[in-house]
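Residue numbers (my numbering): 6 to 149.
All C-beta atoms in this analysis are idealised placements derived from N, C-alpha and C, irrespective of residue type, glycine included.
I have placed the structure first, in the form of structure tokens, so that the comments after it can refer back to it.
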Amino acid sequence: MERQERNGFTRFAEGALPMPPCAETLGAEIIEVAGGESTVSFVATERFFNPGAVVQGGFLAAMLDDTMGLATSSVLAEGQFSATIEMKANFIRPARAGKLIGHGRVVQAGRSIVFVEASLTTADGELIATGSSSLRIVPLNAPV
């Protein structure tokens, strides 16, 4: 799947816009976004820890959501934005502080809904979490 034109998300990927504050909090760095796929690195810190001294699942879900949103962005046209309408996360093993890598892939893109999936691994490739999501395509400045 090829991006037809630039949209808001691709401007982040190109470095033309600063990353949103939520992505900065996660230590997000876009590695690659193209053809319905994305690779993003994140930095999990001890600030993300739950009482069990591992990364709280909500932070992992946010990383998966960012990864899937960026994969979706590569199939959107100019002036389009995607809004997550449903998301599922599976936590495979605990995540420790350090670098985590998100890999996202568009499964199916329709005119108004996009289905996408992602995985989150350690820098060494150990699977931490997986996710799937449905996103609604809306005009960039439309209320979501």
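Legend entry - C-alpha gap between residue 60 and residue 117, whole angstroms: 34 Å
Legend entry - Assigned secondary structure, residue 125 (DSSP; H/G/I helix, E/B strand, else coil): strand
Legend entry - Of the listed residues 88, 105 and 73, nearest to residue 112 (C-alpha basis): 73
Inset, instruction - State the DSSP-derived secondary structure class of residue 82, mapped to helix, strand or coil. - result: coil
Legend entry - Same chain only: Cβ atoms within 8 Å of residue 129, ignoring 5 sequence neighbours per side: Contacts found: none.
Inset, instruction - Whole angstroms is fine: what's the gap from residue 46's alpha carbon to residue 95's? - result: Taking the straight line from one Cα to the other gives about 19 Å.
Legend entry - Unbroken stretches of the beta strand (DSSP E), 3 residues or longer, contained in the segment 42–117: Taking only runs of at least 3 residues, the beta strand (DSSP E) segments lying wholly in the segment 42–117 are 42–49, 85–96 and 103–114.
Inset, instruction - Could you give the DSSP three-state label for residue 25: helix, strand or coil? - result: coil
Inset, instruction - Evaluate residue 8 with the Cβ neighbour count: other Cβ atoms within 10 Å of its Cβ, from every protein chain shown; 16 or more gives buried, anything less gives exposed. - result: With a pLDDT of 39 at residue 8, under the threshold of 50, the predicted position of this residue should be treated as unreliable, though the coordinate-derived value follows. Per the 10 Å Cβ criterion, buried.
Inset, instruction - Assign residue 90 to one of two classes, buried (16 or more other C-beta atoms within 10 Å of its C-beta) or exposed (fewer than that). - result: exposed
Inset, instruction - Can you give me the Cβ contacts of residue 51 inside the same chain, cut-off strictly under 6 Å, excluding the 5 residues immediately before and after it? - result: 102
Legend entry - Whole-angstrom C-beta distance between residue 69 and residue 134, which should lie under 8 Å: 6 Å
Inset, instruction - Check residue 10 in the structure and name its three-state DSSP category. - result: The predicted model places residue 10 with a pLDDT of 44, which falls under 50 and marks its position as unreliable; any figure quoted below should be read in that light. Three-state result, residue 10: coil.
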